[in-house]
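Take a look at the structure below.
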């Protein structure tokens, strides 16, 4: 591969190690490298998931982020911490602000609450070579927040991210570098399932083609990958060679909204007659966000996952004639989809609802059959009350039933306690 035509930058991918657990250790004055601490979503439920485990707990007892509360060891040194998502978001924002003391805002691309890219191209005169800059940021985060981080350095975002995942997390100093010329040596022996951006389904598909490692993906003819997977096959091929043309600087803070959706994994299995209150609450949340941004949509999507005993579910969408952000319009369409595709028997554990095919909000089209102006006014009044007094200041009656979810969700971030 001739890399001379491809851009070269100095990009860091920074990952906060065991972030939630590290924050909880810092709150308790504990060393995250030696403490045995597990962050649990809801300690009152034995099946609650372990959101994070400290490095020492992972090493000593093999606990991972997919373990359950009841699987935790009976160790007298073990500390159980209930998740506090608000604290993690606050620390994440402060870390980003700290990094902004060294680079401009447009050089930072936040990927998740515990991971971000930083482009440091052209900053060598200020901070030295990229590895020295990485050590500087690593030290600053450790001293200010008590959090260890792994840093990958590459010519682009993909290389920085993958070398961080594969090598930096295992390195003694938590730093690894991969340039174009290092791809064959550092990345090609890696199984494709360990490569960022290749999920389980794609792994199975590629394995059927005899592709097991990244090197085999790179050597596979591009035309066949394009034939099987289109533009995605082309991207897989070039990523296997370490090539990524996504922008490394720019405005990464806000992107155009493609949909307004809300989903939930329920705390228990719901019967058919109970799920309608959940539908209405989710429709209310999605439409409220759409009204806030003066957007309307024509396509409503409903996803339903059945309980573990039966498994399966369905995911269907329907487009309506008139664009809307009315809660009841969306709710009626959701009910239509549910009645059409629900199997009539299975209990329900997961629900997702979204409004897509968006446009700017337009003047209301009058109808002889319903008063859409009144519906819009009611929705806007409810939104103003909630904006001023809180999410639960005004609710529909169904939200107060045992099937409603808004009251419980109001105190949570990302499905966990704030």
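Residue numbers (full-length UniProt numbering): 1 to 418. All C-beta atoms, glycine included, are put in the ideal place defined by N, C-alpha and C. These numbers come from a predicted model, not from an experiment.
What residues are listed by DSSP as bridge partners for residue 306?
Here residue 306 refers to the residue found at position 306 when the chain shown is read from its first residue. BP columns for residue 306 point to 348.
Buried or exposed, going by whether 16 or more other CB atoms sit within 10 Å of the CB of residue 138?
Taking the chain shown and counting its residues from 1, the one referred to as residue 138 is at position 138. Its Cβ being crowded by 16 or more others within 10 Å, residue 138 is buried.
Along the chain, where does the alpha helix (DSSP H) containing residue 315 start, and where does it finish?
Here residue 315 is taken as the residue at index 315 of the chain shown, counted from 1. Where residue 315 is concerned, there is no enclosing alpha helix (DSSP H), although the beta strand (DSSP E) it sits in stretches over 313-324.
Taking only the alpha-carbon atoms, compute the straight-line gap between residue 364 and residue 215 and give it to the nearest angstrom.
The sequence position of residue 364 within the chain shown is 364, counting from 1. The sequence position of residue 215 within the chain shown is 215, counting from 1. Confidence at residue 364 is low in this model, with a pLDDT of 48, below 50, so its placement is unreliable and the value that follows should be read with caution. Each residue's alpha carbon lies about 57 Å from the other.
What's the call for residue 59, buried or exposed, on a 16-neighbour Cβ count within 10 Å?
Numbered from 1 along the chain shown, position 59 holds the residue referred to as residue 59. Exposed is the call here.
CB contact check: residue 328 to chain B, cutoff 8 Å:
Absent from the structure: chain B. Only one protein chain is present.
Residue 1 classed as buried or exposed, judged by whether at least 16 other C-beta atoms fall within 10 angstroms
Working through the chain shown from its first residue, we reach residue 1 at position 1. The residue in question, residue 1, is exposed, as its Cβ has fewer than 16 Cβ neighbours within 10 Å.
Helix, strand or coil for residue 13? Go by DSSP, reduced to three states.
For the purposes of this step, residue 13 is taken as the residue at position 13 of the chain shown. DSSP places residue 13 in strand when its eight states are reduced to three.
Rounded distance between the beta-carbons of residue 306 and residue 268, thought under 8 Å
Taking the chain shown and counting its residues from 1, the one referred to as residue 268 is at position 268. Taking the chain shown and counting its residues from 1, the one referred to as residue 306 is at position 306. In fact, because the Cβ distance is near 13 Å, the residues do not count as touching under 8 Å.
I need the DSSP call for residue 293, collapsed to helix, strand or coil.
On the chain shown, position 293 is the one that residue 293 refers to. In this structure, residue 293 counts as coil in the three-state DSSP scheme.
How many whole angstroms separate the CB atoms of residue 108 and residue 99, which I take to be in contact at a CB cut-off of 8 Å?
Mapped onto the chain shown, residue 108 falls at position 108. Mapped onto the chain shown, residue 99 falls at position 99. At roughly 6 Å, the Cβ-Cβ gap stays under 8 Å, so residue 108 and residue 99 are in contact.
Taking just the CA atoms, how far does residue 164 sit from residue 176?
Taking the first residue of the chain shown as 1, we reach residue 176 at position 176. Taking the first residue of the chain shown as 1, we reach residue 164 at position 164. Spanning the two alpha carbons is a distance of roughly 6 Å.
For residue 340, tell me which candidate among 316, 47 and 173 has the shortest Cα-Cα distance.
As a first step, residue 340 must be located in the chain shown, where it is residue number 340. Of the listed residues, the one whose Cα sits closest to residue 340 is 316.
Can you grab the Cα-Cα spacing for the pair residue 205 / residue 145, in whole Å?
Position 205 of the chain shown, counted from the first residue, corresponds to residue 205. Position 145 of the chain shown, counted from the first residue, corresponds to residue 145. C-alpha separation (whole angstroms): 42 Å.
Kindly indicate which three-state DSSP category residue 8 falls into: helix, strand or coil?
Along the chain shown, read from residue 1 onward, the residue named residue 8 stands at position 8. Correct three-state label for residue 8: coil.
Going straight from the alpha carbon of residue 71 to that of residue 220, what length do you get?
Translated into the one-based positions of the chain shown, residue 71 becomes position 71. Translated into the one-based positions of the chain shown, residue 220 becomes position 220. So the two alpha carbons sit approximately 42 Å from each other.
Short of 6 Å in beta carbon distance, which residues of its chain neighbour residue 368, apart from the five on each side in sequence? Order them along the chain.
As a position in the chain shown, residue 368 is number 368, starting the count at 1. Low confidence applies here, because residue 368 scores a pLDDT of 48, under 50, leaving its location unreliable and the question unanswered by this model.
Where do the N-terminal and C-terminal ends of the alpha helix (DSSP H) with residue 92 fall, by residue?
By one-based count along the chain shown, residue 92 stands at place 92. It spans 85-99 - the alpha helix (DSSP H) in which residue 92 sits, taken as one unbroken run.
What's the call for residue 196, buried or exposed, on a 16-neighbour Cβ count within 10 Å?
Position 196 of the chain shown, counted from the first residue, corresponds to residue 196. By the neighbour-count rule (16 or more Cβ atoms within 10 Å), residue 196 is not buried but exposed.
Please classify residue 273 as buried or exposed, where buried requires at least 16 neighbouring CB atoms within 10 angstroms.
By one-based count along the chain shown, residue 273 stands at place 273. Flag for residue 273 reads exposed.
Spatial distance of residue 66 from residue 49 (CA atoms)
Reading the chain shown from its first residue, position 66 is the one you call residue 66. Reading the chain shown from its first residue, position 49 is the one you call residue 49. Each residue's Cα considered, the two are about 6 Å apart.
Reduced DSSP category for residue 76 - H, G, I as helix; E, B as strand; rest coil
Taking the chain shown and counting its residues from 1, the one referred to as residue 76 is at position 76. Here residue 76 sits in coil by DSSP.
Exposed or buried, which one is residue 209 when buried takes at least 16 other CB atoms within 10 Å?
Looking up residue 209 in the chain shown gives position 209. It is exposed - the Cβ of residue 209 has fewer than 16 other Cβ atoms within 10 Å.
Does DSSP put residue 260 in a helix, in a strand, or in coil?
For the purposes of this step, residue 260 is taken as the residue at position 260 of the chain shown. Here residue 260 sits in strand by DSSP.
Output needed for residue 324: all residues of its chain with C-beta closer than 6 Å, excluding positions within five of it in sequence on either side, in chain order.
Taking the first residue of the chain shown as position 1, residue 324 is located at position 324. Here residue 324 has 296 as same chain residues with Cβ atoms under 6 Å from its own Cβ, once five neighbours each way along the sequence are excluded.
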